[in-house]
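Visitor: Sequence lines, in order, name chains Y and W.
For the first sequence, my numbering gives the first residue as 15, with consecutive numbering after it.
For the second sequence, my numbering gives the first residue as 7, with consecutive numbering after it.
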Amino acid sequence: MKTVRFLAGLTAAILLAAGPAQSANTDDASWAPRASERLIKLPASYLKKAVEQDYARSPLAAAVNETRENMAVRVKAMEELRGAIDRAEGELRTELRHQFLAEKRAYLELLARNQKLRRQQAETKIRIYENLLSRMRQDKQGMTPQRVALIERQNAAHDRFESSIGKVDARLFRSSIASESRYARDYAKNVAAIEQLVAAINAHPMNEQPRLDGIALTREDYVRQLVGDNQATLAVLDQEQSILGFMAKLVALDATALSEAATGDDLSAPGATQAAEAGPTDAVEFFVTR
Amino acid sequence: MKHLSRFIAVAALTLAAGIVGPGHAGTLENMERERAILLDSLLTAELPPEQRQAKVEVARNRLVDLERMVLRDRTLVGKSTPAVRSAYENYDLTFLVHASVEHNRALLDHWLQQVGVSTESLMNARVGRR
Chain Y
15 MKTVRFLAGL TAAILLAAGP AQSANTDDAS WAPRASERLI KLPASYLKKA
65 VEQDYARSPL AAAVNETREN MAVRVKAMEE LRGAIDRAEG ELRTELRHQF
115 LAEKRAYLEL LARNQKLRRQ QAETKIRIYE NLLSRMRQDK QGMTPQRVAL
165 IERQNAAHDR FESSIGKVDA RLFRSSIASE SRYARDYAKN VAAIEQLVAA
215 INAHPMNEQP RLDGIALTRE DYVRQLVGDN QATLAVLDQE QSILGFMAKL
265 VALDATALSE AATGDDLSAP GATQAAEAGP TDAVEFFVTR
Chain W
7 MKHLSRFIAV AALTLAAGIV GPGHAGTLEN MERERAILLD SLLTAELPPE
57 QRQAKVEVAR NRLVDLERMV LRDRTLVGKS TPAVRSAYEN YDLTFLVHAS
107 VEHNRALLDH WLQQVGVSTE SLMNARVGRR
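#1: List in chain order: all unbroken beta strand (DSSP E) runs of 3+ residues lying wholly within the segment 199–226 of chain Y.
#2: Our contact map puts GLN135(Y) next to LEU74(Y) with C-beta atoms below 8 Å; I'd like the distance itself, whole angstroms only.
#3: Along the segment 164–188 of chain Y, where does the CB come closer than 7 Å to a CB of chain W? Name the residues.
#4: Which same chain residues end up closer than 6 Å to SER72(Y) when comparing Cβ atoms and leaving out the 5 residues on each side of it in sequence?
#5: Using the three-state DSSP reduction, which class does ALA266(Y) fall into: helix, strand or coil?
#6: Compare the C-beta of GLU38(W) against all C-beta atoms of chain A and say whether one is closer than 8 Å.
#7: I'd like to know whether the C-beta of VAL58(W) is nearer than 8 Å to at least one C-beta of chain Y.
#8: Quick one: which chain W residues come within Cβ less than 9 Å of THR206(Y)?
#9: What three-state label does DSSP hand ALA271(Y) in the structure shown?
#10: Excluding the 5 residues flanking GLY122(W) on each side, which residues of the same chain have their C-beta closer than 6 Å to its C-beta?
#11: Could you check if ILE99(Y) is buried or exposed, using at least 16 other CB atoms within 10 Å of its CB as the buried criterion?
#12: Is the CB of SER72(Y) under 8 Å away from at least one CB in chain W?
#13: Can you check whether the CB of LEU44(W) is closer than 8 Å to the CB of ALA65(W)?
#14: Name the one or two DSSP bridge partners that ILE229(Y) has.
#15: CB-CB under 6 Å to LEU99(W), same chain, minus the five flanking residues each way: which ones, in chain order?
#16: Which of the residues in the segment 77–91 of chain W, read from start to end, lie with their CB under 9 Å from any CB of chain Y?
#17: Measure the C-alpha to C-alpha separation of ALA207(Y) and ASP200(Y) and round it to an integer number of angstroms.
#18: Assuming LEU124(Y) contacts MET85(Y) (C-beta within less than 8 Å), just tell me the rounded distance between them.
#19: Taking the CB atoms as reference points, tell me whether PHE175(Y) and HIS104(W) lie closer together than 8 Å.
#20: Should GLU56(W) go down as buried or exposed, given a rule of 16 or more other Cβ atoms within 10 Å for buried?
#21: Within 10 Å of its beta-carbon, does VAL313(Y) have 16 or more other beta-carbons around it, so buried, or fewer, so exposed?
#22: Within a Cβ cutoff of 8 Å, which residues of the same chain sit near ASN39(Y), ignoring the five residues on either side of it in sequence?
#23: Can you look up THR81(Y) in the DSSP assignment and give me helix, strand or coil?
#24: Looking at chain W, which residues of the segment 51–66 of chain Y have a Cβ within less than 9 Å of any of its Cβ atoms?
#25: Buried or exposed: which applies to LYS139(Y), given that a residue is buried once 16 or more other Cβ atoms fall within 10 Å of its Cβ?
#26: Would you mind working out which of GLU299(Y), PRO294(Y), VAL298(Y), VAL265(Y) sits nearest GLN113(Y), comparing C-alpha positions?
#27: To the nearest angstrom, how far is the alpha carbon of VAL87(Y) from that of ARG107(Y)?
#28: According to the Cβ coordinates, are LEU82(W) and MET37(W) closer than 8 Å?
#29: How would you list, in chain order, the residues of chain Y whose beta-carbon sits under 7 Å from the beta-carbon of ASP71(W)?
#30: Please classify SER177(Y): is it buried, with 16 or more other beta-carbons within 10 angstroms of its beta-carbon, or exposed?
#31: Could you name each continuous alpha helix (DSSP H) segment of 4 residues or more that falls completely within the segment 77–118 of chain W, going from the start of the chain to the end?
#32: How long is the line joining the alpha carbons of ASN130(W) and LEU118(W), rounded to whole angstroms?
#33: With the cut-off set at 8 Å, would you say LEU77(W) and ALA171(Y) are in Cβ contact?
#34: Measuring only between beta-carbons, confirm whether GLN160(Y) sits less than 8 Å from chain W.
#35: On the DSSP letters alone, give me the boundaries of the alpha helix (DSSP H) that SER44(Y) sits inside.
#36: Between the Cα of GLU117(Y) and those of GLU66(Y), GLU103(Y), ARG141(Y), VAL89(Y), spot the shortest distance and give me the residue it belongs to.
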């Protein structure tokens, strides 16, 4: 009798600890980043970090974390319930099995919610990276033959100017009473500072070109890689959705079996249930056994 | 000769005015304006030689800076406007001071050569009335 009371108390405690299946309204969970000019100009290696930081500050990230935490709580509750079921007998055992099924159902709701939010996260990332790619392509498409020719002429003019600047200075300023202008003096002074800064930027670890398997990637390649990574996440989520469907079906079958056992129709229902950890694949164990 | 000088000065000013677009003056527009003033100083017949020399020297030193500002202006890179395209079509004509020093020529000689006027062509010209 004491054991029965202990088990009933334990079950109540577990259910209180677990809380509601969806403690907060996560419908307003959103994340709307934009492919701003600032983002476009960031070094490729920092691009992903900037997007991740923006995501981490969003209501969507808060909602994903909340569902993840709630799932962990549910898993713990299911583990404890499973232990309680193992030790219980008779009506209490049946009651605990009902509660265990309810916990499974609540876990599946959270899992579905979590998957939906993670899908939203991956789709938003794909959208922002696709926007970045299209902005990069627009810049390339703007290179008309006329513009390309102009840039070539400008480069040639600049090279010619650089090669003649010493001669011009010697001829105009050093051999005459005219002195260098304020612009020339200030420019020369700033050039040294600019060269130092450019060297520091080039040597900066955050400015390193991103690499994949040791091969340096261009900025466009890197963004395409990020799009690919998020598409892989979506594909995995599709698979996880199938797992969720199978789990839901097993819960429904468990419920039918329990109902039959309660009415005395079922003679083959095994009594035990098993626990699992947070995450769809880790929780599979919970659902394949009753 | 006086008429020819006037014609060339007006032509240079017109060319500069054609290149300079409306609105806010940038490095290129400032350079074109200064170059037109320099050419005017070189070609005008009214100035006495000393005054012309002093005026040209001041304008030339200013134009050196302005030419460098244009060549270093990153906002002009790939800016495919008629003014920018026209400026980069002929380095010798646009960056007059740098190009003349490069070729060891006097400013006026260099410019005249670029617009197709040589000593020979002037000597062969006939003075007449229209």
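Every residue, glycine too, gets a C-beta built ideally from N, C-alpha and C.
Only a predicted model underlies this, so the values are computations on that prediction, with no experimental measurement involved.
Guide: Working from what's here:
#1: none
#2: 6 Å
#3: LEU164, ILE165, ARG167, GLN168, ALA171, HIS172, ARG174, PHE175, SER178, LYS181, VAL182, ARG185, LEU186
#4: TRP45
#5: helix
#6: The displayed structure is made up of protein chains Y and W, and chain A is not among them.
#7: Here the sequence assigns Arg to residue 58(W), which means Val is not the residue at that position. Not one chain Y Cβ lies under 8 Å of ARG58(W).
#8: The sequence shown places Ala at residue 206(Y), not Thr. Residues of chain W passing the Cβ test: none, with the nearest at roughly 15 Å.
#9: helix
#10: none
#11: buried
#12: no
#13: yes
#14: LEU226(Y)
#15: GLN120
#16: LEU77, ARG78, LEU82, VAL83, GLY84, LYS85, SER86, VAL90, ARG91
#17: 11 Å
#18: 5 Å
#19: yes
#20: exposed
#21: Missing from the structure shown is residue 313(Y); chain Y here goes from 15 to 304 and no further.
#22: Caution applies to ASN39(Y), whose pLDDT of 47 falls short of 50 and renders its modelled position unreliable; the value that the coordinates give is listed next. Counting only Cβ-Cβ distances below 8 Å, and skipping sequence neighbours, we find nothing.
#23: helix
#24: none
#25: buried
#26: VAL265(Y)
#27: 22 Å
#28: no
#29: SER195, TYR197, ALA198
#30: exposed
#31: 88–95, 97–100, 102–108
#32: 15 Å
#33: yes
#34: yes
#35: Here SER44(Y) belongs to no alpha helix (DSSP H), and DSSP marks it neither H nor E.
#36: VAL89(Y)
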